[in-house]
């Protein structure tokens, strides 16, 4: 059995999940899918996910999944996927300030269009 992440009503088998910080300060959650995932379709379920992402590891001794980590504040509004033998993706972490800046930027762009 592989490990998995659970978000909303969805599950995705994974081999690894970890937070990563780029030198520019951008924080992402890196998710590498299990080899049983043969297309990007299951990862696309993460797109626009607003729920916490729960990471479970399968315990061979107890034959049960154990919750290892809850990832909060990751949104797939900034989502990138890749394939290198297995599917993987990065999900950006956004805080309340970043979300508000994005909303304000969208409002300003809209008002500038109206002014033209």
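Residue numbers (our numbering): 615 to 730.
Positions of the beta carbon are idealized from the N, C-alpha and C atoms, including for glycine.
Task: residue 630 versus 688, 725, 683 and 665, residue with shortest Cα-Cα distance - done: 683
Quick one: Cα of residue 672 to Cα of residue 724, how far? 48 angstroms
Checklist line | Cα-Cα separation, residue 720 to residue 663 | finding: 20 angstroms
Leaving aside the five residues before and after residue 718 along the sequence, list all residues of the same chain whose C-beta is less than 8 angstroms from its C-beta, in chain order. none
Residue interval of the beta strand (DSSP E) (run including residue 627): 624 to 635
Looking only at its own chain, which residues have a Cβ that is under 8 angstroms from the Cβ of residue 665, when we skip the five neighbours before and after it? 621 and 622
- [ ] Determine the direct distance from the alpha carbon of residue 701 to that of residue 619, and round the result to whole angstroms.
- [x] 14 angstroms
Using only the alpha-carbon positions, how far apart do residue 736 and residue 624 sit? Since the displayed the chain opens at 615 and closes at 730, residue 736 lies outside it and no answer follows.
Q.
Quick check on DSSP: helix, strand or coil for residue 719?
A. helix
Cβ-based burial, residue 636 [other Cβ within 10 Å; buried from 16]
exposed
Proximity below 7 angstroms, CB of residue 656 to CB of residue 626
yes
### Message
To the nearest angstrom, how far is the alpha carbon of residue 669 from that of residue 677?
### Response
16 angstroms
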